[in-house]
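**Q** I have a structure I would like to understand better, so I am pasting it below and will then ask my questions one at a time.
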Amino acid sequence: MLILGWSGCDSAPQERMSEEERAHIRREIQAVMAAQVAGWNEGDIARFMEGYARSDSIRFASGGTVTYGWQTVYERYRRRYATREAMGRLIFSDLDVQVLCPDAAIVFGRWELQRAEDRPGGLFTLLFRKTPAGWRIVHDHTSAASAR
């Protein structure tokens with residue numbers, strides 16, 4: 006119940022949603038994430054960032070730091086992945102999309118960057134909200150696994 010309250014949902018709307026409605030939402034969210042991967046793999050961080058809500062309140066937590074706001078998160082990505090070599094090839098896997106209610110869902114999954122010298126990766130949990138622009142990430146908690 007804590008997560009439902011945190012997401013802005015109560016249990017009643019989700020219980021009234023049909024499996025067809027939940028499946029439709031899952032497909033929409035998976036399409037957003039596929040577009041992010043395509044943008045990343047073309048070296049286009051701005052396109053990757055289209056998956057995030059353009060809001061000062063989005064939150065990105067990773068490596069013991071918390072970053073707020075679309076522009077700040079965008080700049081963080083640009084600094085950290087300044088070259089195509091640093092960006093590598095992004096892969097999302099083991100995606101588990103849990104629809105909480107008609108306008109909120111949580112996605113758990115794995116990420117990996119395939120680069121010439123290494124293959125960093127880890128886990129993520131994303132909170133998606135339905136916005137006027139479509140499904141967008143409003144909270145991203147990403148962790149990195151040990152170097153491989």
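Taken in order, the sequence shown gives residues 6 to 153; the numbers are from the numbering used here.
Note that beta-carbon positions come from the ideal geometry of N, C-alpha and C, so glycine has one too.
Keep in mind that this is a model prediction, so the values were computed, not measured.
#1: Can you grab the Cα-Cα spacing for the pair G68 / T136, in whole Å?
#2: Might you give, ordered along the chain, the residues of its own chain that have their beta carbon closer than 8 Å to the beta carbon of S60, omitting 5 neighbours on each side?
#3: For M22 and L131, what's the separation of their Cα atoms in angstroms?
#4: Could you check what DSSP says for I63 in three-state terms: helix, strand or coil?
#5: From the DSSP output, read off the bridge partner residues of A110.
#6: Hey, out of Q35, D99, Q103, G126, whose CA is closest to G114's CA?
#7: If the criterion is Cβ atoms closer than 9 Å, does the pair I111 and V42 meet it?
**A** Taking the coordinates as given:
#1: Start at 1 with the first residue of the sequence shown, and residue 68 comes out as number 63. Start at 1 with the first residue of the sequence shown, and residue 136 comes out as number 131. Going by C-alpha positions, G68 is about 28 Å away from T136.
#2: For the purposes of this step, residue 60 is taken as residue 55 along the sequence shown, with counting starting at 1. Close CB contacts of S60 within its chain, under the 8 Å cut and outside five residues either way in sequence, are with G74, W75, V143 (chain order).
#3: For this step, residue 22 is matched to residue 17 along the sequence shown. For this step, residue 131 is matched to residue 126 along the sequence shown. One C-alpha to the other measures close to 21 Å.
#4: Here residue 63 refers to the residue found at position 58 of the sequence shown. Of the three classes helix, strand and coil, the one that applies to I63 here is coil, per DSSP.
#5: Along the sequence shown, one-based indexing puts residue 110 at 105. In DSSP, A110 forms a bridge with V104, F133.
#6: Stepping through the sequence shown from its first residue, residue 114 is reached at position 109. Closest option to G114, Cα to Cα, is D99.
#7: Against the sequence shown, residue 111 aligns to sequence position 106. Against the sequence shown, residue 42 aligns to sequence position 37. Not in contact: I111 and V42 (Cβ atoms no closer than 9 Å).
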